[in-house]
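Single-structure report; data block below.
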Amino acid sequence: MTPVKHQQIINGLRAVTTDTQRTLTRFEATGMDEEMPADYENWVSPGRMPGVFALP
């Protein structure tokens, strides 16, 4: 894989991370973390949702 391709992947992952952080902030700001505690806990706990893996 070329350095350019690596950078494209890094940029894409950063965009997804930023979008997820913004969504989580909105979720908390609207009180959904308290209204839907189980969903919130699954979302913020790595490895608890299918396809999400905790990093060592």
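Residue 28 in full-length UniProt numbering sits at position 28 of the sequence shown, and the numbers go up by one each step.
Quick reminder that beta carbons are idealized off the backbone N, C-alpha and C, glycines included.
- Inclusion of Asp33 and Phe27 in the CB contact set at 8 Å is warranted, their separation being smaller than that value.
- Shown here, Gly31 sits in coil according to DSSP, grouped into three states, outside any helix or strand.
- Assigned with DSSP and collapsed to three states, Thr2 falls in coil, not helix or strand.
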